[in-house]
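Visitor: Residue numbers (our numbering), protein chains in the order written: chain A, 2 to 318; chain B, 2 to 496; chain C, 257 to 422.
From the three backbone atoms N, C-alpha and C, an ideal C-beta is built for every residue, glycine too.
Can you keep this structure in mind? I'll have questions shortly.
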Amino acid sequence: MKTSSSRRSLLAAVAVVAIGSVFGLATEAWAGYPDRPVTLIVPYQAGGSTETLARVFAKALGDQLGQPVIVKTRPGGGGAVGSTEIAASAPDGYTIMLSGSDPLTWTPLTLKVEYDVDSFTYVAQISEYQQAIVVRQDSPDTSFEDLLARSKQQAGLTYADQNAMSRAFLEYIAGKEGIEWTGIPTKGGGEMVPLLLAGKIDFAWSGGIHGRYGGQIRVLASMNAERLAASPDAPSIREKYDISMPGHMLIVGPRGLAGDVVARLNMAIEAAVKDPGYLDLLENKLLFPSKFVGSEALTEDMEATISSLRTVAQVAH
Amino acid sequence: MDILLHLAAGFEAALTVTNLLFIALGIALGIVIGVIPGLGSVTAMAVLIPLTFYMSPLVAIAFLVGVNKGGTSGGAVPSILLNTPGTPESAASAFDGHPMACKGQGGKAMKYSLYSSVTGDTLSDLLLIALAAPFAAIALQFGPLELASVLFFAFALLAGLASESPLKGLIAIFVGIFLATIGLDPIDSTPRMTFGEVELFDGFPLTGVAIGALALSSIFEQMTTLHRYGERRATASLWANDRAANRLTAGEFFSHWRTIIRSAMIGSGVGMLPGLGVTLAAFLSYGAARRASKDPSSFGKGNPDGIVATEAANSAVVGSNLIPTIAIGIPGNIAAALLIGAFMIHGIVPGPFMLTMHGDIIYALFASMLIANFIHLAVGRVGISIWAHIARAPRSAVLPPVIALCIAGVYLPNQSMFEVAVMLGFAVLGLLMRHTGFSIVCLVIGFLLGGMFEASLRKTLLLYKADFSSVFSSPISVIFLALGLVVLARAFRKS
Amino acid sequence: MAGTQPEKTQDSKDGVENATSPVVNLASGCVLTLMGLAGLFWLIPNHVDASAGSYDVSPAFMPNLAAWVVTLLGATLACSAALKCRAAHPVSNWPALVVPAIWGIASIAIYLGVTNIGFVYVMPLVVAAGLLLSGQRSWPTIVAIAVLFPLAIDLAAWHLFTVQLP
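Structure below.
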C-alpha cells in the first residue's frame with residue numbers, strides 16, 4: 002500500500018507524462034512536416050524572370066524547411082495549367098505554387114477551367130509586380146489626366162495589353178471615363194516595348210518591364226492598389242476608380258491546407274525572404290520589391306481583391 | 002575603329018582557361034541535348050541557367066550562348082542519320098541529309114551540316130558586333146504590319162515546296178492553318194475548339210507537332226519498312242568505309258558560297274526581327290535555296306545545298322537574336338528571352354543602357370562568341386566521329402530506343418504528357434499523310450505560319466483601324482509584300 | 257495483285273510519292289470534303305465565339321477560311337481522282353490505311369501505358385516489341401537494349417533535369 006505522498010507523486014508523474022506526451026505528439030505533427038522534398042510549381046515558362054526567381058527562392062526556402070524544394074515548371078494558358086494542377090493536388094503541403102495572382106483569380110472568373118477562385122489556400126505573398134500605365138518619353142501626355150483629356154478629344158487611341166485582365170481593366174477605366182481606346186494584345190513586355198518605343202501605340206500597360214528603361218518610358222499611373230515606389234508622382238487607379246489590379250506574387254497551396262502546415266510554411270517563407278542571396282537577386286537584379294505578407298492578411302486581401310475583380314469582370318462581359 | 006579597340010579588350014578578357022572550358026562544355030552539352038528529339042537549345046538553356054548562378058557573368062553568359070550554338074547544330078545529327086529531326090529547325094536537313102546518308106555519305110552530310118552551322122553562326126556574330134545599333138533601330142520598326150508582310154512573303158516562298166502536287170500541298174497547308182487556330186483566340190482570349198481542355202489554351206505545342214509529324218512518323222515508317230523488307234533494303238551503311246566518299250574539303254564546302262551567304266543573311270534577318278523564330282528561318286532558307294537553285298528537283302534527293310541552307314540559317318539566328326537584346330533589351334526569340342533572364346540574374350540589366358554600362362562584358366561576350374565558333378568546329382568534329390560509330394549500328398537496333406527518347410524528350414520541358422499525346426497523334430497523322438501522298442512539311446509550315454499570320458494580321462487591323470493606306474507608310478512591309486507577290490507571280494507563270 | 261502492291265512510300269522528304277493511286281486520292285478527297293463541311297457547319301459554329309470587336313475580324317474568320325479552302329480543294333481532288341478512276345482501273349490500295357491504323361492503336365496503348373503504369377515499366381515492353389518488329393532476333397540484345405535504355409533515360413531525367421518521368 003503506497004503512502005499518500007508517493008501516490009500523489011505517482012499521480013503527478015503520470016500527469017506529467019500524459020500531458021508531456023500530448024504536447025510531444027503535437028510537436029511530432031508539427032515537426033513531421035516536411036519529411037520529404039516539397040514541390041514548388043511555377044506555371045510559367047522556364048527561364049522567365051519569375052521562374053528564375055523561383056529557383057533561388059526554392060533554395061532559400063529549402064534551407065529553412067530542412068528539405069529540398071524542387072521547382073517544377075508547368076507553363077500554359079497564362080498560368081492556368083499550373084493552377085489546375087495545384088488545385089487538384091493533395092492538401093498535404095508537399096505541393097505548393099509560386100505565381101502571380103491572375104491565373105488564380107481572373108482566369109476562373111472569365112474562362113471555363115477546372116478550378117475556382119476558392120480552390121486555393123493563400124500561404125504568403127513575397128513580392129509585387131510593378132504594374133502601370135506607361136507612355137514613351139516624348140509622348141504629349143505628361144500625366145494620367147493629360148492622357149484622359151487627350152482621349153476625350155481624340156477617340157481610338159491605341160494601347161498594348163499583355164493579358165485578358167489588363168485589357169479588361171483598361172476597358173473598365175475607358176468605360177468609366179466615357180472614352181474609347183483600342184487595345185492591341187501583346188504577349189509580354191518584350192513585345193510591348195518595341196511597339197511603344199517606336200511610337201506605334203499611344204500608351205501601354207506594363208507589368209514592370211518599364212523599370213529597365215529609365216527615362217525612356219514614363220509612368221502615368223499605377224495599376225496596383227498603391228502608388229509605385231519608383232514613381233510616387235503617378236496616381237494609383239484606386240484613387241480614382243476604387244479598383245486595382247492584383248499584382249501579388251504569391252505562394253499558394255490547394256484548398257484545405259492544414260493550419261499548422263500553413264503556419265510552418267509562413268515561418269519558413271518569412272525567413273527565406275530575408276536570405277541575402279535571394280534578396281540581392283530579387284531587388285537588385287530582377288528589380289522586384291520584396292514584400293512579405295502572411296497568410297491571414299493575404300487571405301483577407303485576396304478576398305477583397307476577388308470582389309473587386311468580379312466588378313470589373315461583370316462589366317467586361 | 003572604336004569597335005575594334007573594344008573588341009581587342011574583349012578578346013583579352015575572354016581568353017581565359019575557365020571561359021574556354023565552359024564554352025566547350027556548353028557547346029558539347031548543347032549538341033547532345035539537341036540530338037535528343039524534343040529537346041533543344043531552349044530546354045537546355047532553361048535547365049542550365051540556374052547552374053550558372055555560381056559562375057562569373059561572362060563565363061555564365063558565354064556558357065549559355067555556347068549551349069545555344071550547340072543546340073541548333075545538334076538537331077541535325079538524327080535528322081541526317083535517322084531521318085528523325087532532333088529539333089523542328091533541323092527538319093529540313095533531313096530532306097537532303099538523309100538521302101546522302103543512305104548513299105553512304107553520312108559523314109559528308111554531317112560535315113556539311115557542321116561547317117554550315119559554324120559559318121552561318123560566325124557571319125551572324127560579325128553582323129551583331131558591327132551593326133547592332135543600326136540594325137536594332139530597324140528591329141524597333143518591326144511591328145504587326147511588318148510581321149504580317151514578312152509572313153506573307155514566307156508563305157509565298159514556302160508554298161513552292163508543294164510543287165510536286167500543288168493541290169495536295171495546298172490542302173496540307175490549310176489543314177495546318179486550321180489546326181493552328183485551335184486554342185484561345187489571340188485577340189479576344191475566347192476559347193476556340195478547346196473543348197474545355199486547359200492544355201489546349203495555347204494551341205497545339207509546336208515541338209509536339211513537329212517532332213510527331215516529322216520525326217516520330219518517320220521512325221514508325223522506317224520500322225514498318227524494316228519489318229517488311231529487312232535491313233538489307235533499308236541501308237547498306239550510312240557511313241561507307243570508303244573515306245573518300247565522306248571527305249569534305251574546304252574548297253568543296255565553300256563552292257556553295259552563294260547558298261551559305263544567302264542562308265546566313267536570311268537567318269540573321271529572321272533572328273533579329275522579334276517574333277519570327279528559328280524554325281521559320283530554317284524553312285525559309287531552304288525554300289529560298291531551292292528556288293534559287295539551277296536544279297530544284299534535285300532537292301530532296303541529296304543536294305548538299307539543302308543541308309547548307311537549313312543549318313547556316315538556323316545557326317545564324319543565334320548571333321543575330323542578340324541584336325535587339327543588346328541594343329534595346331528585347332528578345333528576338335525565346336532563346337534570347339532566356340538569355341535576358343540570365344543577364345538579369347548576373348546583374349546586367351538588358352535595355353538601352355547595356356552597351357554603355359556594361360560595355361566591357363558585352364565586348365568580352367562578343368569575343369567569346371567568335372572564339373566559340375572555332376571551338377564549335379572542333380567539338381563538332383569530335384562529335385562526328387562519335388556519331389559515326391552509332392551510325393554503324395543496325396537501324397533495327399537504334400530506332401526502337403529512339404522512340405523512348407522521343408517520348409522522354411517531349412515530356413521533359415514542361416512535364417506534360419499532353420505534349421506527348423500531341424506528338425503521338427501527329428505521328429499517326431504523319432503516317433497517314435505519307436501513305437496517302439500528302440506533304441507533311443506543308444502541314445507543319447501551315448501550322449507554323451498560320452498561327453503567326455492570323456495574330457499579326459488581326460493586330461494590324463486593330464492598330465491601323467483597317468486603314469489600308471497605312472501599308473505604304475512602312476517601307477519594310479512594302480518590300481516584303483512586293484517580294485511575296487513577285488514570288489507568287491513567278492510560281493503561277495511556271496505552272 | 258489486288259492489295260499486295262509493295263509499299264510505294266519511302267523515306268522521301270515529305271512523303272509525297274509519285275504514284276498515289278487515284279482511288280486513295282478519291283478517298284482522301286471525300287474524307288477531307290466531309291471533314292471540312294463538318295468543321296464549317298458543326299465544329300466552328302458551336303465551339304468558336306463568332307463575335308468580332310471593332311476593326312477586327314471575328315475569331316471564327318480564320319478557321320472558316322481554312323475550312324472552306326480544305327473543303328473546296330478536297331472536293332476538287334475527289335473529282336479529279338474520280339475522273340482518273342474512270343479512265344484507268346487502278347488497284348485498290350487499302351493497305352495504305354492499315355499501317356497508320358496499327359500505329360494509331362499502338363500509340364494509344366503507349367500513351368495509356370506510360371501515363372497510368374509508368375515510363376520505366378512500359379517502355380521496355382514497347383522497345384522490345386519495336387526491336388522484334390524491326391527484325392532483331394538476338395534475345396540478349398533485345399533484353400539489354402529494352403531494359404537498359406529506358407532505365408538510363410529515367411535516371412538521366414531525374415539526376416540531370418530533376419524531372420520525374422511518369
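Could you check the C-alpha separation between Ser457/B and Arg265/A for me, to the nearest Å?
Guide: The count along the second sequence starts at 1 and reaches residue 457/B at position 456. The count along the first sequence starts at 1 and reaches residue 265/A at position 264. Going from the Cα of Ser457/B to the Cα of Arg265/A covers about 48 Å.
Visitor: Going by DSSP, which residues form a beta bridge with Glu222/B?
Guide: Taking the second sequence and counting its residues from 1, one reaches residue 222/B at position 221. In the DSSP output, where bridge partners are listed per residue, Glu222/B has none listed.
Visitor: Leaving out five residues on either side along the sequence, give the residues of the same chain with a beta carbon under 6 Å from the beta carbon of Ser150/B.
Guide: The residue you call residue 150/B lines up with position 149 of the second sequence. The residues are Ser478, Phe481, Leu482.
Visitor: Taking only beta-carbon positions, decide if Tyr377/C is within less than 9 Å of chain B.
Guide: Counting from one through the third sequence, the residue named residue 377/C turns up at place 121. Chain B, which has no Cβ nearer than 9 Å to the Cβ of Tyr377/C, makes this no.
Visitor: Excluding the 5 residues flanking Glu263/C on each side, which residues of the same chain have their C-beta closer than 6 Å to its C-beta?
Guide: Mapped onto the third sequence, residue 263/C falls at position 7. Any reading at Glu263/C must be qualified, since the residue scores a pLDDT of 33, below 50, and its modelled position is unreliable; the value itself is stated next. Cβ within range, chain order: n/a, list empty.
Visitor: Assign Tyr230/B to buried or exposed, taking buried as 16 or more other Cβ atoms, counted over all protein chains shown, within 10 Å of its Cβ.
Guide: Mapped onto the second sequence, residue 230/B falls at position 229. Tyr230/B is exposed by the Cβ-count criterion.
Visitor: Quick one: what does DSSP say Ala125/A is sitting in, helix, strand or coil?
Guide: For the purposes of this step, residue 125/A is taken as residue 124 along the first sequence, with counting starting at 1. Here Ala125/A sits in strand by DSSP.
Visitor: Do the region 166-175 of chain A and the region 254-271 of chain A meet, that is, are 3 or more Cβ pairs less than 8 Å apart?
Guide: They do not touch, by the three-pair rule.
Visitor: For the region 164-188 of chain A, which residues have a CB atom closer than 9 Å to at least one CB atom of chain B, in sequence order?
Guide: Listed by position along the chain: Asn164, Ala165, Arg168, Thr183, Gly184, Ile185, Pro186, Thr187, Lys188.
Visitor: Using beta-carbon positions only, say whether Leu299/A and Tyr45/A come within less than 9 Å of one another.
Guide: Locating residue 299/A in the first sequence gives position 298, counting from the first residue. Locating residue 45/A in the first sequence gives position 44, counting from the first residue. No, the pair does not count as a contact, with Cβ atoms beyond the cut-off.
Visitor: For Val304/C, which residues in the same chain have their Cβ closer than 7 Å to its Cβ, ignoring the five residues on either side in sequence?
Guide: Taking the third sequence and counting its residues from 1, the one referred to as residue 304/C is at position 48. Result list for Val304/C: Pro315, Ala316, Pro319, in chain order.
Visitor: Which residues in chain C have a C-beta closer than 8 Å to the C-beta of Ile97/A? List them in chain order.
Guide: Locating residue 97/A in the first sequence gives position 96, where the first residue counts as 1. Near Ile97/A there are no residues of chain C at all, since even the closest Cβ is about 16 Å away, more than 8 Å.
Visitor: Lys153/A: buried (16+ other C-beta within 10 angstroms of its C-beta) or exposed?
Guide: In the first sequence, the residue the question calls residue 153/A occupies position 152. The residue is exposed, with fewer than 16 neighbouring Cβ atoms inside 10 Å.
Visitor: Under a CB-based cut-off of 9 Å, is Ser314/C close to chain A?
Guide: Translated into positions along the third sequence, residue 314/C becomes position 58. By this cut-off, Ser314/C is not an interface position.
Visitor: Output needed for Leu82/B: all residues of its chain with C-beta closer than 7 Å, excluding positions within five of it in sequence on either side, in chain order.
Guide: Taking the first residue of the second sequence as 1, we reach residue 82/B at position 81. Result list for Leu82/B: Ala102, Gly107, Leu239, Trp388, Ala392, in chain order.
Visitor: Can you check the region 218-250 of chain A for any alpha helix (DSSP H) of at least 4 residues that lies completely inside it and give the ranges in chain order?
Guide: Taking only runs of at least 4 residues, the alpha helix (DSSP H) segments lying wholly in the region 218-250 of chain A are 238-242.
Visitor: Is it buried or exposed, Gly381/B, if we count other Cβ atoms within 10 angstroms and call 16 or more buried?
Guide: Position 380 of the second sequence holds residue 381/B. Per the 10 Å Cβ criterion, buried.
Visitor: So, does the CB of Pro396/C fall closer than 9 Å to a CB anywhere in chain B?
Guide: Here residue 396/C refers to the residue found at position 140 of the third sequence. Not an interface residue.
Visitor: Could you work out which residue in Thr73/B, Pro135/B, Ala92/B is closest to Asp122/B when comparing CA atoms only?
Guide: Translated into positions along the second sequence, residue 122/B becomes position 121. Considering only alpha carbons, the answer is Thr73/B.
Visitor: Taking Met56/B as the reference, which of Gly288/B, Ala343/B, Ala282/B has the closest Cα?
Guide: Sequence index remark: in the second sequence, residue 56/B carries index 55 (1-based). For the residues Gly288/B, Ala343/B, Ala282/B, the minimum Cα distance to Met56/B belongs to Ala343/B.
Visitor: Looking at Ala95/B and Leu227/B, is the spacing between their C-beta atoms short of 9 Å?
Guide: The count along the second sequence starts at 1 and reaches residue 227/B at position 226. The count along the second sequence starts at 1 and reaches residue 95/B at position 94. Cβ distance not < 9 Å, so Leu227/B and Ala95/B don't count as in contact.
Visitor: Does any residue of chain A have a CB that is nearer than 9 Å to the CB of Ser307/C?
Guide: What you label residue 307/C is simply residue 51 of the third sequence in a count that begins at 1. Judged by the 9 Å Cβ criterion, Ser307/C is not in contact with chain A.
Visitor: Give me the chain B residues within the contact set of Glu129/A, using Cβ-Cβ distance strictly less than 7 Å, ordered along the chain.
Guide: As a working mapping, residue 129/A is identified with position 128 in the first sequence. The contacting residues do not exist; Glu129/A stays about 17 Å from chain B at best.
Visitor: Does the beta carbon of Val370/C sit closer than 9 Å to a beta carbon anywhere in chain A?
Guide: Residue mapping note: residue 370/C aligns to position 114 of the third sequence, counting from 1. With 9 Å as the cut-off, Val370/C does not count as an interface residue toward chain A.
Visitor: Locate the alpha helix (DSSP H) running through Ala211/B, then write down its first and last residues.
Guide: Taking the first residue of the second sequence as position 1, residue 211/B is located at position 210. Looking at the DSSP string, the run of the alpha helix (DSSP H) that includes Ala211/B is 207-211.
Visitor: Can you tell me which of the three DSSP states Gln131/A falls into?
Guide: Here residue 131/A corresponds to residue number 130 of the first sequence, with the count starting at 1. In the structure shown, Gln131/A sits in coil (DSSP, three-state: anything other than H, G, I, E or B).
Visitor: Indicate whether Leu500/B and Val279/B have their beta-carbon atoms separated by less than 9 Å.
Guide: Look at the range of chain B in this structure, 2 to 496, and you will see that residue 500/B is not part of it.
Visitor: Would you verify that the beta carbon of Arg234/B is, or is not, closer than 9 Å to some beta carbon of chain A?
Guide: Indexing the second sequence from 1 puts residue 234/B at position 233. Note that Arg234/B scores a pLDDT of 48, beneath 50, so its modelled location is shaky and nothing firm can be said.
Visitor: Would you tell me roughly how many angstroms separate the C-alpha atoms of Asn20/B and Ile346/B, rounded to the nearest one?
Guide: In the second sequence, the residue the question calls residue 20/B occupies position 19. In the second sequence, the residue the question calls residue 346/B occupies position 345. About 18 Å.
Visitor: In whole angstroms, what separates the C-alpha of Gly431/B from that of Asp162/A?
Guide: Position 430 of the second sequence, counted from the first residue, corresponds to residue 431/B. Position 161 of the first sequence, counted from the first residue, corresponds to residue 162/A. Rounded to the nearest angstrom, the two C-alpha atoms are 38 Å apart.
Visitor: Taking C-beta pairs closer than 7 Å, name the residues in chain C that Ile71/A reaches, listed in chain order.
Guide: For this step, residue 71/A is matched to residue 70 along the first sequence. By Cβ distance, chain C contributes Thr418.
Visitor: Taking only beta-carbon positions, decide if Pro187/B is within less than 9 Å of chain A.
Guide: Position 186 of the second sequence holds residue 187/B. By this cut-off, Pro187/B is an interface position.
Visitor: Could you check what DSSP says for Arg137/A in three-state terms: helix, strand or coil?
Guide: Within the first sequence, numbered from 1, the residue matching residue 137/A stands at position 136. Reduced to three states, the DSSP call for Arg137/A is strand.
Visitor: Please list the terminal residues of the continuous beta strand (DSSP E) segment that includes Gly276/B.
Guide: If you number the second sequence from 1, residue 276/B lands on position 275. Per DSSP, Gly276/B belongs to no beta strand (DSSP E) and is neither H nor E.
Visitor: Considering only their Cβ atoms, is the gap separating Thr183/A from Leu340/B smaller than 9 Å?
Guide: Locating residue 340/B in the second sequence gives position 339, counting from the first residue. Locating residue 183/A in the first sequence gives position 182, counting from the first residue. Contact flag unset, no.
Visitor: Give a yes or no on whether 9 Å exceeds the smallest Cβ distance from Val176/B to chain F.
Guide: Protein chains in the displayed structure are A, B and C, and chain F is not among them.
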